[in-house]
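In UniProt numbering, the protein residues as written are 1 to 1109. Notes for the one structure printed next.
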């Protein structure tokens, strides 16, 4: 808009001399080095030294998290991102307005009709006024965001994320202003041309100076027209003068708008200059994308192997376009609109920025993070994907795999035949029978373009004469194939891919199209390789510990009453705003906070003694300090998540993982030791050990009718609450049509006649499947009743009676059917005629689809076994002459009911979702699956969370909501003891994981409690990779802040799990450091991996106390 200016085409007298375009000069806000959008993993192809940085009199500083200020800068980024998206929408509206302004200018110039001119002028005035308000709104909102972010507390972990997003908004706004300026300048030239033509009509000999003077004349060239107006009797001169005056008015408005836009763009340029300089500074950092994307994609492969290739395809096709992933490089800016109003296609319009060298590492992480949920579009959603990916990147979990892939790539690149001609780089390439194809054109050129229109598996000819071993790529444990199972009938093509190579996308898409079709033409394996065209950057060790012993220069606090001091320490922790940071201060840097502890008043309600021993458990599983590494925690999380998801698999849509966790904890199953011998087949012996199968895995993918409706229930009486669920489920696996199988089924049914607590499912497991079963075969009866959903209506005795008939094709039932086989009996049609027609095919298909169950529970074709709620009983084939009689079923049932089934059932009952509580079949399914899952993990000893009198008087600190967290970490600690020194940094680092809840009980001092007031300890344990404002990964560091100047410390850095020490500047053996005052930054001591220290002069090595670092 044009502020207080008159509408387009209005007389000059209405023009405000103080007017303008409504664009006030802008102040520069917040453009310093662009921070990252999210945390991201560092490049790890370089050796990984340990870095250290800090502030003040510090040792290897790691910033502490600060509290948020205001809703837009709190720990929850949701409100901030909502504001960013709203501003982005306004910028899009601004771009739309600019296009419309351009269109109206063109329409105004093209029209000769006064009415159209007037209407167009009114529209243009209204639109420009709206645009004025819009630009002011965008400017004010961006400024407000930036001002609020600058007020965030020091060390706020979300500050870099917000700053990058604000910088991207400023860049987008600047680009829109530049486009607006260009539109106005083009319109100005067109208006000038129109004025010149009108002047030439009246005065053909008018000079350029006269025309220019008319442009600048506030009267619109009145002097030029004065003579013509006096002598002309026609209206032509007057019309030309009127138009020139009108265009002059428009020109003045445009000129003023251009001037004001220039001022605003100059201000914005000043802001963006710092941004651009920062981008240039960190261009070498973009190589992180290579490794980070590789590791991020490898994390998705771990999460969902079956969805990896479809997910990668969606990324390369750029189908997944996250709203919040804003890429700062101008190459990815929204394209301008063409004459038709549609965006103009650019090089990167349909190319995912993740697969370029132009995207920064943290930007790529944001993009992957925002799309990883789409992994589950092919299956049920899985919680915890984000936490797993961040923790996996922080732990460098995939580094060994990537290194192995890199080694294979190095060897293979030297073996394969190179292309005869090579255009440009060949970073990503396909290994096609020993030939290196850098593009799909080279791929088809090698195979023959004719094969491209043929069908069936591709014919790949070897390239290396007399060396067939080199023609076929070898396979490795890390390979992931498409199709999933290795198929020797398909040629294997390996794609060595550098994700930051732009040619990776078309090469992958071409190969994926050949491997993903219903009848694949090749088998594909993708192996990641480094991008040799990008600069390598330094990496860091992911997890390390530091210990510093104060030798001199620091006053030692004298403590006589250890118990009283411990009580004060507990009170100090409880009264802190961040209790876990305070726990870490007490446990790790006790000498630096001892005075503050002594000044704290102890709480009178604290217990003075406790019977509890120190421990730390993860979902009840005891873990030792040595197991508190990122990789170990990630592995534990994955195994626990699988247990929970298996347990809830029957009712996954109506029960959360937390309920499954609590069932496992409440049941708390244990496995008994086998006896040397026992008469009962139910009792485990050395020769017949306990064996359990995970039923969730055993039934996965099998027909729903088999899982939910293949059971014949025992006969029991209803109680006051109705018909109770049959919480014990037997699966009898046997050749149902053999004499032994029929006997086994008969014995099972006779036991079912005695109790309603059980149900049976019979699984046909012949040595050789047949496509034409006997018309009256038992397997046909059971399959037929299951497929018709009528097996639950049959009584065990009715099936026993049928077995007694011994009917077959050769000997159909001879005696007259009794009243037992009535029309209401679901077995009557079968007893009369057996199976016929389509029923034969249906029965055969049913047993073929169920056959994997026997294999999954470990029963070979033709063998027999009894499975009870996951316990696999002795296989009948190995029992020699013994028979698994009715009493054996009873003995096994009673044995398992007492030890496993009933505890699990009792744990389930109070936690049933409403839908399960009202459905006895759901209850039976859930208890059967839960018992098997709990028993399969029963070798893991779990401890119950202390409650009641055990914790009376103990101070407790908590984090997270256990009812919404999948993982519960419970610690019982002496806050000044050695265990707390190891555990506290671990708790502090893992707090960022959203699915972990803590409960920490603080113990009073015991007779063995001692205080170490000379040693500082710390550990770097990130659950995320952190980036600084310069877009580089923050050095992995431990901070010792608050040391007095002149203090001398002996410092060592080491691997927590193994104790292996890192080398300091003077070699191994630690460093002696004297704390000195420093301005502008911390004192820093760098440690590197063993074997990487540089040789230094003997005199320098002998210098133990360093006054300068």
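Built from N, CA and C at the ideal position, the CB exists for glycine as well.
Residue 91 versus 420, 138 and 414, residue with shortest Cα-Cα distance: 138
How about residue 172: is its C-beta nearer than 8 Å to some C-beta of chain D? The chain labelled as chain D is not found in the depicted structure, where only one protein chain is given.
Start and end residues, beta strand (DSSP E) containing residue 945: Taken as a continuous stretch (DSSP letters only), residue 945 belongs to no beta strand (DSSP E), as it is neither H nor E.
Mind checking residue 1058: buried by the 16 CB within 10 Å criterion, or exposed? exposed
Would you decide whether residue 200 is buried or exposed? Buried here means 16 or more other CB atoms lie within 10 Å of its CB. exposed
Would residue 473 pass as a contact of residue 515 if the rule is Cβ separation under 8 Å? no
Just reading off the alpha helix (DSSP H) that residue 786 is part of, what are its end residues? 778–787
If you reduce the DSSP assignment to three classes, tell me which class residue 31 lands in. Model confidence at residue 31 stands at a pLDDT of 28, short of 50, so the residue's coordinates are unreliable and nothing is read from them.
Run of the beta strand (DSSP E) containing residue 616, from where it starts to where it stops: 615–618
By how many angstroms is the C-alpha of residue 636 removed from the C-alpha of residue 969? 12 Å
For residue 623, which of helix, strand or coil comes out of DSSP? coil
Should residue 57 go down as buried or exposed, given a rule of 16 or more other Cβ atoms within 10 Å for buried? Residue placement at residue 57 is flagged as unreliable, the pLDDT there being 39, under the threshold of 50; a coordinate-derived value is accordingly withheld.
Relative to the C-alpha of residue 1036, which residue among 1048, 415 and 1023 is closest? 1023
Residue 1048 and residue 566 - do their beta-carbons sit closer together than 8 Å? no
Indicate the three-state DSSP secondary structure (helix, strand or coil) for residue 524 in the structure shown. strand
Distance between residue 1044 and residue 1054 (C-alpha atoms, nearest Å): 25 Å
Which one or two residues does DSSP pair with residue 481 in a beta bridge? 525
Contact under 8 Å by Cβ, residue 337 with residue 97: no
With 16 other Cβ atoms within 10 Å as the buried cut-off, status of residue 823: exposed
Could you check the C-alpha separation between residue 689 and residue 683 for me, to the nearest Å? 9 Å
Any idea which residues DSSP pairs residue 971 with across the strands? 616 and 1000
Euclidean distance between Cα positions of residue 763 and residue 530: 51 Å
CA-to-CA distance, residue 479 to residue 168, given in whole angstroms: 39 Å
Check the C-beta distance from residue 451 over to residue 542 and give it rounded, since I have them as a contact under 8 Å. 47 Å between Cβ atoms; not a contact.
Residue 1134, DSSP secondary structure in three states: Given that the chain is displayed from residue 1 to residue 1109, the structure contains no residue 1134 and the question cannot be resolved.
Buried or exposed, going by whether 16 or more other CB atoms sit within 10 Å of the CB of residue 203? buried
With DSSP as the reference, please indicate the residues paired to residue 1074 in a beta bridge. 1048
Between residue 285 and residue 498, what straight-line distance do the alpha-carbon atoms span, to the nearest angstrom? Here the model assigns residue 285 a pLDDT of 32, short of 50, so the residue's position is not dependable, and the following value carries that caveat. So the alpha carbons of these two residues sit roughly 16 Å apart.
Candidates 310, 1025, 644 and 791: closest to residue 526 by CA position: 310
Which residue's Cα is closest to the Cα of residue 584: 1041, 174, 674 and 848? 1041
Starting from the C-beta of residue 1164, find all residues in its chain whose C-beta is less than 6 Å away, skip the five residues before and the five after it, and write them out in chain order. Any answer about residue 1164 is impossible in this case: the structure gives the chain only from 1 up to 1109.
Grouping DSSP H, G and I as helix and E and B as strand, with all else coil, what is residue 202? helix
Rounded to whole angstroms, what's the CA-CA distance from residue 644 to residue 79? Just pull it up for me. 32 Å
Keeping to the same chain, check which residues put their C-beta closer than 6 Å to that of residue 179; ignore five residues upstream and five downstream. 98
Below 6 Å CB to CB, which residues in the same chain sit around residue 279 once its five sequence neighbours on both sides are set aside? Residue placement at residue 279 cannot be trusted, given a pLDDT of 31 that sits under 50; what the coordinates show is reported in the next sentence. So the list is empty, once near-sequence residues are dropped.
Inter-residue spacing [alpha-carbon to alpha-carbon] between residue 459 and residue 415: 21 Å
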